[in-house]
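A.B. asks: Input: one structure, supplied below.
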Amino acid sequence: MILPLAVFTQLAASCGPSVHVDTLAAIARTESGFHTGAINDNTGRRRYLPRSREEAIALATDLIVAKHHSVDLGLMQVNSANLSGLGMTVADAFDPCKNVAGAARVLTAAYRVPAAGQDTQPALLQALSRYNTGHPARGFANGYVAKVQASAEQVVPAIRLSGEAPGGQEGEQGTAAPQLPPPPPNWDVFGQARYARQYGSSVFGGSRPMPQPVPSAAPASSPAQAAPVQLQPVQLGASVNVAASPR
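Next up, the structure:
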């Protein structure tokens, strides 16, 4: 029930397109180690790794319905208190695609767009804190944000070097000369921020910030057509996952 990174990246791009694959992979590694059936009982302070999806559903149902425990579920550890709002059942939480989709919605809702011209990195890291604790600072205090950053150090290079990131997201094939992609549209603040950090004035080493446009409303199209929200918690120089609004 542990997904290989190559499988996860394909899943994330398809099921959680509103968040960048790199970010989802770092969170999944931190939360469950890519285990699709992982269960964390916050009330009983126990962690379970069931051997099958059926076993996971039965155990989680007992903990949530019969015992009224707060439980984190599946690949991205979606909290049981969020299931109703996400339109998910307990069984859905152990469907990897639905779990990633739910987590992407929680994370996107946790992001607070900074004012034009401000550094976006604090907002990105605060979104991770909210994902874990429901609060913009508690995820720093409990070490969660640092854990996700450390996970990103492991999974992001692996994604890029293996060329596994699909659909135009990060990934390099062999030693071919890199091509500078066009910048994201002006309304995609996440994409603009990441593009500036990654490319700056050159393909690899540039760090010159791009001007941040005042975001306009995103096109009223279906969520699947929107550009990925490219949360990138990989700038480890910054010292500085909704319960205590649960996930």
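Using numbering that gives the first Met the number 0, the first residue of the sequence shown is number 0, and each one after it goes up by one.
All C-beta atoms, glycine included, are put in the ideal place defined by N, C-alpha and C.
#1: Starting from tyrosine 130, trace the alpha helix (DSSP H) both ways and give me its first and last residue.
#2: How long is the line joining the alpha carbons of alanine 149 and valine 155, rounded to whole angstroms?
#3: Under a three-way DSSP split, which group does leucine 74 fall into?
#4: Starting from arginine 45, trace the alpha helix (DSSP H) both ways and give me its first and last residue.
#5: Out of Pro16, Asn81, Val20, state which residue places its alpha-carbon closest to the alpha-carbon of alanine 5.
#6: Note down the Cα distance separating asparagine 39 from serine 17, rounded to an integer number of angstroms.
#7: Between the Cα of leucine 62 and those of Arg50, Arg52, Arg45, Ser51, spot the shortest distance and give me the residue it belongs to.
#8: Out of curiosity, what's the CA-to-CA distance linking arginine 159 and leucine 74?
#9: List the DSSP bridge partners of isoleucine 1.
#10: I need the boundaries of the alpha helix (DSSP H) containing leucine 62, first residue and last residue.
#11: Give the C-beta separation of leucine 23 and glycine 15 to the nearest angstrom, bearing in mind that I take them to be a contact with Cβ-Cβ under 8 Å.
#12: Which value, in whole angstroms, describes the spacing of the CA atoms of alanine 114 and leucine 58?
#13: DSSP state of aspartate 40, grouped into three classes?
#14: Just how far apart, CA to CA, sit proline 49 and aspartate 71?
#15: For the alpha helix (DSSP H) containing alanine 100, name the first residue and the last one.
#16: Out of Tyr47, Thr42, Thr88, which has the shortest C-alpha to C-alpha gap to lysine 66?
#17: Nearest by alpha-carbon distance to leucine 127: which of Val105, Gln117, Asp118 is it?
#18: Is proline 135 helix, strand or coil by DSSP?
#19: Using the Cα positions of alanine 140 and proline 121, report the straight-line distance between them to the nearest angstrom.
#20: Under the three-state reduction of DSSP, which class applies to alanine 157: helix, strand or coil?
#21: Note the first and the last residue of the continuous alpha helix (DSSP H) segment covering glycine 84.
C.D. replies: If we stick to the structure as given:
#1: Stepping through the sequence shown from its first residue, residue 130 is reached at position 131. 120-132 is the extent of the alpha helix (DSSP H) around tyrosine 130.
#2: Stepping through the sequence shown from its first residue, residue 149 is reached at position 150. Stepping through the sequence shown from its first residue, residue 155 is reached at position 156. Approximately 10 Å, taken between the alpha carbons.
#3: Sequence index remark: in the sequence shown, residue 74 carries index 75 (1-based). Leucine 74: coil per DSSP, three-state reduction.
#4: Working through the sequence shown from its first residue, we reach residue 45 at position 46. Per DSSP, arginine 45 belongs to no alpha helix (DSSP H); it is in the beta strand (DSSP E), 45-47.
#5: Within the sequence shown, numbered from 1, the residue matching residue 5 stands at position 6. Taking only the C-alpha atoms, the option nearest alanine 5 is Val20.
#6: Against the sequence shown, residue 39 aligns to sequence position 40. Against the sequence shown, residue 17 aligns to sequence position 18. Each residue's alpha carbon lies about 25 Å from the other.
#7: As a working mapping, residue 62 is identified with position 63 in the sequence shown. Leucine 62 has its Cα closest to that of Arg45, out of Arg50, Arg52, Arg45, Ser51.
#8: Working through the sequence shown from its first residue, we reach residue 159 at position 160. Working through the sequence shown from its first residue, we reach residue 74 at position 75. The alpha-carbon atoms of arginine 159 and leucine 74 are separated by roughly 21 Å.
#9: For the purposes of this step, residue 1 is taken as residue 2 along the sequence shown, with counting starting at 1. For isoleucine 1, which the question treats as bridged, DSSP gives the partners His34.
#10: For this step, residue 62 is matched to residue 63 along the sequence shown. Neither: leucine 62 is in no alpha helix (DSSP H) and is coded neither H nor E.
#11: Position 24 of the sequence shown, counting from 1, holds the residue named residue 23. Position 16 of the sequence shown, counting from 1, holds the residue named residue 15. Leucine 23 to glycine 15, Cβ: 5 Å. Contact.
#12: Taking the first residue of the sequence shown as position 1, residue 114 is located at position 115. Taking the first residue of the sequence shown as position 1, residue 58 is located at position 59. Answer to the nearest angstrom: the Cα atoms are 45 Å apart.
#13: Looking up residue 40 in the sequence shown gives position 41. Here aspartate 40 sits in strand by DSSP.
#14: Counted from its first residue, the sequence shown places residue 49 at position 50. Counted from its first residue, the sequence shown places residue 71 at position 72. Proline 49 and aspartate 71: Cα-Cα distance of roughly 13 Å.
#15: Position 101 of the sequence shown, counted from the start, is the residue given in the question as residue 100. Per DSSP, alanine 100 belongs to the alpha helix (DSSP H) from 95-109.
#16: On the sequence shown, residue 66 is found 67 positions in, with the first residue counted as 1. Ranking the options by Cα distance to lysine 66, first place goes to Thr42.
#17: As a first step, residue 127 must be located in the sequence shown, where it is residue number 128. For leucine 127, the nearest C-alpha among the options comes from Val105.
#18: Translated into positions along the sequence shown, residue 135 becomes position 136. Coil, per DSSP.
#19: Working through the sequence shown from its first residue, we reach residue 140 at position 141. Working through the sequence shown from its first residue, we reach residue 121 at position 122. Straight-line Cα distance between these residues: approximately 14 Å.
#20: Walking along the sequence shown from the start, residue 157 turns up at place 158. Alanine 157: helix per DSSP, three-state reduction.
#21: Residue mapping note: residue 84 aligns to position 85 of the sequence shown, counting from 1. Looking at the DSSP string, the run of the alpha helix (DSSP H) that includes glycine 84 is 82-85.
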